[in-house]
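Written below as C-alpha cells is the structure these notes are about.
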Amino acid sequence: MIDSDILYQLILANKDKCKGGKVADYIPGLKNANKENFGVCLIDNNNKVSCAGDYEKKFTIQSISKPLILMLAILDNGEDYIFSKIGMEPTGDPFNSIKKLETSLSKPFNPMINAGAIAVSSMIKGSTSENKFNRVLDFIKKISENPNLDYDEDIYMGEKITGNKNRAMAYFMKNDGIIEGDVEEALDIYFKQCSIRVSAFDLAKIGLFLANNGVTSYGERVITEHTAKLIKSLMVTCGMYDGSGEFAVRVGIPAKSGVGGGILSLVPGKMGIGVYGPALDSKGNSIGGYALLEEMSKILSCSIF
Ligand code: DON
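All residue numbers for the sequence shown refer to my numbering, where the first residue is 347 and numbers rise by one.
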C-alpha cells in the first residue's frame, strides 16, 4: 500500500496537468467547479486509508452512477432481461453519441454510455418515481457505506431543463421498445442519480466493494460475484468511453469516469481508488485524475494485464 506522503507527491507532480483541461459547462452548475481542486483516496482490503489533496470535497457523481445503478437493475430484473435490451460492446464514440442507436437495431451498445444508462434507469423497480430514486440512493449509500449521501438539487434541475439530447435518445428508445415505462420518469431518475454528491473517499469505498467482488467492509454480500465481475469487465472495456482502450494500456485497471471530475477505480482483490479533478480532457475524463492514476499504477504495478 502506498502512503499518503507519496500520494501527496503525486498530486503535486500532476497538478499542472489540470490547467490543460476544461471544466464541463454543458450542465449548468458544473461550470462553477474549481479547476484546481485535485484529490485522491485509496482504501485497501485491511481498510487502511491513504489520501491526499481534496479527497473530501463533494462533487456530483454523474456517469459514475452508471455501473452502480446497473448493479441495482440486475438485482431487480436479472441479467438476461437487462442484456436483452442493452448490449455489452464498446462504441468508440463519445458518451452522449446518438448515432449508433439507429444502426444497431436500436439497442444501445452498452450500459456505460448515456443511452444505455437511461435505459437501465427505466428498469429500476419501485411504486413511484420518488420511491425508485430513493432505492437508487439507498443502494449507493449501502455500497459506499455512507448513510449521509444526498443529491444536488441545482445540478439536477439544470440538467433536467437542458438535457435535450438525452431526452431525444430516451424517446427514440421508447419508440423502439427499449424503454417500456414512462420516458420522463426514466429521465428524471437518470438526471437525479447523476446529481448524487460524493467525494473521492466515497468512490474509494465503492471501489473497494467491487475489488472484493460485491462484499462490503462489514462482510455483507450485496451482489453476486458474477455481477461484480460483469461490472468490472464493462468498466475496463467501456468505462472511459472512447478513451477506454488507451486507459487500459496506460493504467490497466477497471475505472469509470464522470463529467463532474470523479474517477472510480480499483485493483481487484486489493484496493478501491477514488480520484477527483474537475478539469476534463476532450473525452470527458478527469485530465489530472487520469495522469495521477497512470503514474500510481506504474509505482504500485497495478495493471491487471
Ligand atoms: O448525461 C450526461 O451527459 C451527464 N449527466 C453525465 C455524463 C458523464 O458524466 C460522462 N462522463 N464522463
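Using N, Cα and C, we set each Cβ at its ideal position, and we do this for glycine too. Everything numeric in this text was worked out from a predicted model, so none of it was measured.
* Asked: My guess is that PHE384 and ARG543 are in contact by the Cβ rule of under 8 Å, so how many angstroms apart are they, rounded?
  -> Along the sequence shown, one-based indexing puts residue 384 at 38. Along the sequence shown, one-based indexing puts residue 543 at 197. Taking a contact as a CB-CB distance under 8 Å, the pair PHE384 and ARG543 does not count as one, their CB atoms being some 18 Å apart.
* **Among ASN477, ALA625, GLY598, GLY607, nearest to SER541 - alpha-carbon criterion** => Stepping through the sequence shown from its first residue, residue 541 is reached at position 195. Nearest of ASN477, ALA625, GLY598, GLY607 to SER541, Cα basis: GLY607.
* Asked: Quick one: Cα of LEU626 to Cα of MET586, how far?
  -> Start at 1 with the first residue of the sequence shown, and residue 626 comes out as number 280. Start at 1 with the first residue of the sequence shown, and residue 586 comes out as number 240. If I take the Cα positions, the gap works out to 12 Å.
* Among GLU505, ILE410, THR474, LYS506, which has the Cα closest to the Cα of ILE486? -> Counting from one through the sequence shown, the residue named residue 486 turns up at place 140. Looking at the Cα atoms, ILE410 is the closest of the given residues.
* With contact counted as at least three CB pairs below 8 Å, one residue from each stretch, are the segment 506-525 and the segment 575-586 in contact? -> Between the segment 506-525 and the segment 575-586, the count of Cβ pairs shorter than 8 Å is below three; the stretches do not touch.
* What did DSSP end up calling ALA370 once you bin it into helix, strand or coil? -> Residue 370 sits at position 24 when you count from the first residue of the sequence shown. If DSSP states are grouped into helix, strand and coil, ALA370 belongs with coil.
* Could you tell me how far apart the beta carbons of ASN521 and MET469 are, in whole angstroms, since I believe they sit closer than 8 Å? => Position 175 of the sequence shown, counting from 1, holds the residue named residue 521. Position 123 of the sequence shown, counting from 1, holds the residue named residue 469. Incorrect: roughly 17 Å between the Cβ atoms, too far for contact.
* ASP422, enclosing alpha helix (DSSP H) - first and last residue -> For this step, residue 422 is matched to residue 76 along the sequence shown. Bounds of the alpha helix (DSSP H) holding ASP422 are 411-423.
* Going by the C-beta, is GLU505 closer than 7 Å to any heavy atom of ligand 1? -> Working through the sequence shown from its first residue, we reach residue 505 at position 159. Because some heavy atom of ligand 1 lies under 7 Å away, the Cβ of GLU505 counts as near it: yes.
* Taking Cβ to Cβ, would you say GLY618 is nearer than 8 Å to SER632? -> Walking along the sequence shown from the start, residue 618 turns up at place 272. Walking along the sequence shown from the start, residue 632 turns up at place 286. Inclusion of GLY618 and SER632 in the CB contact set at 8 Å is not warranted, their separation being larger than that value.
* Shortest alpha-carbon distance to LYS578 belongs to which of LYS368, VAL561, GLY553? -> Mapped onto the sequence shown, residue 578 falls at position 232. Taking only the C-alpha atoms, the option nearest LYS578 is GLY553.
* To do: Sort out for me which residues DSSP pairs LYS602 with in a bridge.
  => By 1-based counting over the sequence shown, the position of residue 602 is 256. Per DSSP, LEU610.
* Are ILE489 and THR562 closer than 8 Å when you measure CB to CB? -> By 1-based counting over the sequence shown, the position of residue 489 is 143. By 1-based counting over the sequence shown, the position of residue 562 is 216. Cβ atoms of ILE489 and THR562: closer than 8 Å.
* **Neighbourhood of GLY527 by C-beta distance below 8 Å, restricted to the same chain and skipping five residues each side** => Taking the sequence shown and counting its residues from 1, the one referred to as residue 527 is at position 181. Excluding residues within five positions, the ones whose Cβ falls inside 8 Å are SER468.
* Asked: CYS648 by DSSP, collapsed to three states: which one?
  -> The residue given as residue 648 occupies position 302 in the sequence shown. Here DSSP, grouped into helix, strand and coil, assigns CYS648 to coil.
* **Rounded separation between ILE599 and VAL568 - CA only** => As a first step, residue 599 is located in the sequence shown; it is residue number 253 there, counting from the start. As a first step, residue 568 is located in the sequence shown; it is residue number 222 there, counting from the start. Our two residues, ILE599 and VAL568, have alpha carbons roughly 22 Å apart in a direct line.
* Asked: So, do the segment 588-596 and the segment 425-442 have three or more beta carbon pairs nearer to each other than 8 Å?
  -> In this structure the segment 588-596 lies against the segment 425-442, because at least three pairs of beta carbons, one per stretch, are closer than 8 Å.
* Asked: Which whole-angstrom value describes the C-beta separation of VAL386 and ILE357, a residue pair presumed to lie in contact below a C-beta threshold of 8 Å?
  -> Taking the first residue of the sequence shown as position 1, residue 386 is located at position 40. Taking the first residue of the sequence shown as position 1, residue 357 is located at position 11. Indeed they touch by this definition, with Cβ atoms about 7 Å apart.
* What does a CB cutoff of less than 8 Å around ILE525 pick up in its chain, not counting 5 residues either side in sequence? -> Residue mapping note: residue 525 aligns to position 179 of the sequence shown, counting from 1. Same-chain partners within the cutoff: ILE464, ALA465, SER468, ALA516, MET519, ALA532.
* To do: In angstroms with no decimal places, state the Cα-to-Cα distance between SER475 and VAL482.
  => Stepping through the sequence shown from its first residue, residue 475 is reached at position 129. Stepping through the sequence shown from its first residue, residue 482 is reached at position 136. Answer to the nearest angstrom: the Cα atoms are 11 Å apart.
* Spatially closest choice to ALA550 from LYS381, LYS616, ASN510, by CA coordinates -> Sequence index remark: in the sequence shown, residue 550 carries index 204 (1-based). The shortest C-alpha to C-alpha distance from ALA550 to any of LYS381, LYS616, ASN510 is the one to LYS616.
* Considering only the beta carbon of each residue, do ALA601 and TYR401 sit closer than 8 Å? -> Your numbering for residue 601 matches position 255 in the sequence shown. Your numbering for residue 401 matches position 55 in the sequence shown. No.
* CB contact flag (GLY433, PRO413, <8 Å) -> For the purposes of this step, residue 433 is identified with residue 87 of the sequence shown, where counting begins at 1. For the purposes of this step, residue 413 is identified with residue 67 of the sequence shown, where counting begins at 1. With contacts defined by Cβ atoms closer than 8 Å, GLY433 and PRO413 do not form a contacting pair.
* When DSSP labels each residue in this structure, what does SER475 get in the three-state scheme? -> Start at 1 with the first residue of the sequence shown, and residue 475 comes out as number 129. Reduced to three states, the DSSP call for SER475 is helix.
* **Same chain, Cβ closer than 8 Å to ASN480, five either side skipped, listed in chain order** => Against the sequence shown, residue 480 aligns to sequence position 134. Once the five neighbours on either side are set aside, the close Cβ partners of ASN480 are GLY472.
* To do: Look at LEU646 and ILE389 and say whether their C-beta atoms are less than 8 Å apart.
  => Here residue 646 refers to the residue found at position 300 when the sequence shown is read from its first residue. Here residue 389 refers to the residue found at position 43 when the sequence shown is read from its first residue. Taking 8 Å as the Cβ cut-off, LEU646 and ILE389 do not qualify as a contacting pair.
* To do: Would you check if the distance between the CB atom of ILE373 and the CB atom of ILE501 is smaller than 8 Å?
  => Taking the sequence shown and counting its residues from 1, the one referred to as residue 373 is at position 27. Taking the sequence shown and counting its residues from 1, the one referred to as residue 501 is at position 155. Cβ atoms of ILE373 and ILE501: closer than 8 Å.
* To do: Over the uninterrupted beta strand (DSSP E) stretch that includes ASP396, give me the two end residues.
  => For the purposes of this step, residue 396 is identified with residue 50 of the sequence shown, where counting begins at 1. Before going further, note that residue 396 is Ser rather than Asp in the sequence given. Start and end: 395-399.
* To do: For PHE537, count neighbouring Cβ atoms within 10 angstroms of its own Cβ and tell me buried if that reaches 16, exposed if not.
  => For the purposes of this step, residue 537 is taken as the residue at position 191 of the sequence shown. With 16 or more other Cβ atoms within 10 Å, it is buried.
* For LYS644 and ASN477, the rounded distance between their alpha carbons -> Counted from its first residue, the sequence shown places residue 477 at position 131. Counted from its first residue, the sequence shown places residue 644 at position 298. Answer to the nearest angstrom: the Cα atoms are 44 Å apart.
* Asked: Who are the Cβ neighbours of LYS506 in its own chain at under 8 Å, not counting the five residues just before and after it?
  -> The residue labelled residue 506 in the question sits at position 160 within the sequence shown. Excluding sequence neighbours, LYS506 sits near LEU533, ASP534, PHE537.
* In the DSSP assignment, find the beta strand (DSSP E) that holds VAL386 and state where it starts and stops. => For the purposes of this step, residue 386 is taken as residue 40 along the sequence shown, with counting starting at 1. For VAL386, the uninterrupted beta strand (DSSP E) run begins and ends at 385-390, by DSSP.
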